[in-house]
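Taking my numbering, I'd label the letters of the sequence shown as residues 8 to 73.
Just so it is clear, CB atoms sit at the ideal spot from N, CA and C, and this is done for glycine as well.
Inspection log for the structure reproduced underneath, given as C-alpha cells.
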Amino acid sequence: MGLFVVRELVVGTGLAVERELAVVGELAVERELAVARELAVERELAVARELAPAGVRSTPKEPTSV
Numbered sequence: 008m009g010l011f012v013v014r015e016l017v018v019g020t021g022l023a024v025e026r027e028l029a030v031v032g033e034l035a036v037e038r039e040l041a042v043a044r045e046l047a048v049e050r051e052l053a054v055a056r057e058l059a060p061a062g063v064r065s066t067p068k069e070p071t072s073v
C-alpha cells in the first residue's frame, strides 16, 4: 500500500472520528437541555403547589376503583 493511500485512510478515519465526536457532543447537549427542561417543569410545579390554596389540586384527581 502506498504512503498516499495510507495517508488518505488516516485522514478518512480522522474525519469519521470527528463526526462521531460531533454526534456524541450533540447528544450530550440534547440530554442537558432535556434535564434543564425537566428541572424547569419541576420548579414550576413546586411554585404552583406553594401558591395553591390548601386543599385545592391543580390536576384532576385520578378516578379510584370501587
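DSSP-derived helix/strand/coil call for residue i
i	result
A47	helix
A59	coil
Residues of its chain near residue i, where Cβ-Cβ distance is below 6 Å and the 5 sequence neighbours each way are ignored
i	result
G19	none
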